[in-house]
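Numbers -4 to -1, 1 to 492, taken from mature numbering (1 follows the signal peptide of the UniProt record, and there is no 0), label the letters of the sequence shown in order.
Backbone N, C-alpha and C fix where the C-beta goes; we use that ideal spot for every residue, glycine too.
No experiment lies behind these values; they were computed from the predicted model shown.
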Amino acid sequence: TAFGQATLTVTDTSTQTISRFIYGHFAEDLGRCIYDGFWVDDSMKVPRKDRIRLDVVEALKRIKVPDLRWPGGCFADQYHWSDGIGPRAQRPTRVNTTWGMIPDDNSFGTHEFLELCGLIGCEPYIAGNVGSGTPQEMENWLEYLNYGGKSTLSAQRAANGHPAPYKVSLWGVGNESWGCGGSMTPEFYTDQFKRYGEFCKDYPGTHLKKIASGPNSDDYHWTEVCMQRIPAWDMYALSMHYYTVVGDWDHKGSATRFGEDEYFTGMRKCMFMDTLVRKHSAIMDKYDPAKRVALAVDEWGIWTDAEPGTNPAFLYQQNSLRDALIAATTLNIFNNHCDRVRMANLAQAINVLQALILTKGARMVLTPTYYVFELYKVHQDARWIPISLNSPDYTYNGQSIPAVNASASRDQQGRVHISLVNLDPNKEVTVSANIQALHVRSMSQEVLTSAHFTDINTLDEPNKIRPLASTAEPLSGDSLSVTLPPASIVVVELRP
Ligand code: AHR
């Protein structure tokens, strides 16, 4: 193996917290995410509560999922909530025209979603329908969910099994309103945001956090118009969506069969998230210097061609070590911009796009991406530690990106965690740092890697890629030295 050297400089001065909501997830009514993912047939031999898979719930509890976004995505703007309440046998069957033109029996609706969130122990984040719904429909959904007093809708909620108000607070006002959410201009959307928002009330006991449908990746004009026209007090967050697409939208590339060319391009494109966050934040700073409005990257991840032999509209893709490196790098970017990025949702939790979990019948497998969230959960609500990194380049075919990226935080117990990623698949990199400022005495570390970046976990070999405790070099005085294998993620814990 070839070697590289990086140096890391840490200061321990910040007061900024890394919001746990950066570690959020997304579950759209799409393909096998909800139906045959979270929500399975009564006949399936898995531990279940009602039809919710509990093995999946347990796995998500372990990584401390802070919130789950539903019902879309694009599906949100075709969804009519009243289809999904009441006795299941009486619920209408609609066509999921967004994803595959398949019948949807609405057996998974509002109560089922909130039951799922309760089991996971996470906050629900509901995206309301602006594209094909009305302000009245949105107002009614919120009253149904959150009103604790006497009304016909709250009585209906009680009759359907939940007398207490649900207190749903995270609320999306539309999704991708520039595209599948209604093909709007930013001027038209901001007017709609204000119109619908007017009827999204704070019922007693619940403050609604309204999230505006934000830009498509580098559409800076969209951000400018939203920030100009929606007052900061009226919007909890502005969303932004960016997917790592290695090829183009027509030929995205395979999830498992790719060479270093596509690997390198994937990494370069994933790192574009840093530019996006910086540029959108700079626009937001102009209108909201106090940073009241969060940037919510509520859809992100790698999007490849669907697995051969699966319905292309179901967006089912495998998940390799490359995906884990993309997740780890992206989360480092979010951590390092935690002053503005206070929410993010990976797309998506199960069986869709960059999934945490893949299922086949009663069996399931945790993907390499899942393990990144397990390793990084230490950053949730921890105090961010600014670092600067001097990294060697990873060069391929005359193009270069920094081989190493990192972020760090100190948790409530005083432990410092540094998450380091080496994107270079051909070189081991040793990172050295002077850690005098951290006042720590002992350390341990975990590493996630595999022999090749195309490696995956399968039902037959589910533990091929998982974090392993690795022997750490003893701390000597004020200097830390960590060796990162090629294409690896290492999380170091330093204890006071
Ligand atoms: O996550 C899949 C889709 O990607 C979502 O439905 C949509 O919002 C985005 O275009």
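- Assignment of residue 397 by DSSP, reduced to helix, strand and coil, places it in the strand class.
- Scanning its chain for C-beta atoms nearer than 8 Å, with the 5 sequence neighbours on each side dropped, one finds around residue 13 the residues 334, 377, 378, 379 and 380, in chain order.
- By the neighbour-count definition (other C-beta atoms within 10 Å, threshold 16), residue 442 is a buried residue.
- Judged by their CB atoms, residue -4 and residue 482 are nearer to each other than the 8 Å cut-off.
- Assigned with DSSP and collapsed to three states, residue 73 falls in helix.
- A straight line joining the alpha-carbon of residue 203 with that of residue 153 spans about 20 Å.
- For residue 114, there is no enclosing beta strand (DSSP E); the enclosing alpha helix (DSSP H) covers residues 106 to 116.
- Shown here for residue 225: same chain residues with a beta carbon closer than 6 Å to its own, the five before and five after excluded, namely 186 in chain order.
- Here residue 372 carries a helix assignment [DSSP, helix/strand/coil].
- Residue 41 has its alpha-carbon roughly 39 Å from the corresponding atom of residue 328.
- Inclusion of residue 67 and residue 79 in the CB contact set at 8 Å is not warranted, their separation being larger than that value.
- For residue 195, no beta strand (DSSP E) run applies, since DSSP gives it neither H nor E.
- Taking a cut-off of 8 Å for Cβ pairs, the segment 335 to 343 and the segment 383 to 391 do not touch, as fewer than three such pairs fall below it.
- With contacts defined as CB atoms closer than 8 Å, residue 4 and residue 309 fail to qualify as a contacting pair.
- Here residue 254 carries a coil assignment [DSSP, helix/strand/coil].
- Between residue 397 and residue 288, the C-beta spacing is not below 8 Å.
- Considered as a whole, the segment 32 to 100 harbours 50 to 58 as its complete alpha helix (DSSP H) runs of no fewer than 4 residues, in chain order.
- Under the three-state reduction of DSSP output, residue 173 falls in the coil class, being neither helix nor strand.
- Just so you know, the alpha carbons of residue 181 and residue 212 end up roughly 12 Å apart.
- For residue 330, the enclosing alpha helix (DSSP H) begins and ends at 317 to 332.
- Under the DSSP assignment, residue 296 falls in the beta strand (DSSP E) whose first and last residues are 290 to 298.
- Judged by DSSP secondary structure, residue 390 falls within the beta strand (DSSP E) whose first and last residues are 389 to 392.
- Under a 10 Å Cβ-count criterion, residue 38 is classified as exposed, with fewer than 16 other Cβ atoms of the shown protein chains found around its own Cβ.
- Within the segment 131 to 174, complete alpha helix (DSSP H) segments of at least 4 residues are found at 131 to 142 and 148 to 155, given in chain order.
- Annotation: the continuous beta strand (DSSP E) that includes residue 489 extends over 484 to 491.
- By the 16-neighbour rule on beta-carbons within 10 angstroms, residue 6 is buried.
- The ligand AHR never approaches residue 125 closely enough for any of its heavy atoms to be under 7 Å from the residue's Cβ.
- If the five residues before and after residue 98 are omitted, its C-beta is found closer than 6 Å to the C-beta atoms of 92, all from its own chain and listed in chain order.
- CA-to-CA, the gap between residue 161 and residue 52 works out to about 26 Å.
- Cβ-Cβ distances below 7 Å link residue 193 to 169, 206 and 230 in the same chain, with the five nearest sequence neighbours on each side left out; the list follows chain order.
- For residue 219, the uninterrupted alpha helix (DSSP H) run begins and ends at 216 to 225, by DSSP.
- In this structure, the ligand AHR has a non-hydrogen atom nearer than 7 Å to the beta-carbon of residue 344.
- Taking residue 156 as the centre and dropping the five residues before and after it, the same chain places the C-beta of 81, 82 and 107 closer than 7 Å to its C-beta, in chain order.
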